[in-house]
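Just so you know, the sequence shown maps onto residues 1 to 138 in our numbering.
All C-beta atoms in this analysis are idealised placements derived from N, C-alpha and C, irrespective of residue type, glycine included.
As the structure is a computational prediction, the values presented were derived from the model and not from experiment.
Have a look at the structure below, then the notes.
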Amino acid sequence: MLFEFFDDLNWLAVIVATLAYFALGSVWYTDALFGKQWRAATGREMGEGGRPEPAAIVVNLIGWFVVALALALIARGIGAETFVDGLVLGLVASIGFVGTNRIVTGMYEGRNAALMRINAPYTILGYVVMGVILAMWN
């Protein structure tokens, strides 16, 4: 039954949602927003020219595609078709799955609170943007 949902997916919406999350990250982690704070919190530097390594970009795109695909399947399964449906889907998925996972593992691993304050809103906003795109473009 689940495989039937793959036939009915709007693959263009999945790709657009993927690119939207990627674009959000491209802005979010610039020095104009949170790039300097992120680097300070992680102790990392960017590659040559202030850009991430190409492998990181590829993994990023693949990761957001997988997330968009999963959200598209959930949106299709629950019948999400409106802006509010997508908003709620994005909030529930980001806070319910990602947020709780990061908080629980962060407690055990002693994660940097500054880093969590930078990444958490990005994750929530990214999932909401993807949820809205996928629900409305169903």
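Here T105 is actually not in contact with F65; their C-beta atoms are around 23 Å apart, not less than 8 Å. Using a C-beta cut-off of 8 Å, the region 99-119 makes no contact with the region 128-138, since fewer than three inter-stretch Cβ pairs fall below that distance. Excluding sequence positions up to five before and after G35, its CB lies within less than 7 Å of the CB of Y29, all in the same chain and listed in chain order. Just so you know, the alpha carbons of L69 and W38 end up roughly 27 Å apart.
Contact between M136 and T100 does not hold, since their C-beta atoms are separated by about 26 Å, which reaches or exceeds 8 Å. A distance below 8 Å between beta-carbons, with the five flanking residues on each side excluded, links R76 to the following residues of its chain, in chain order: F5, D8, L9 and N138.
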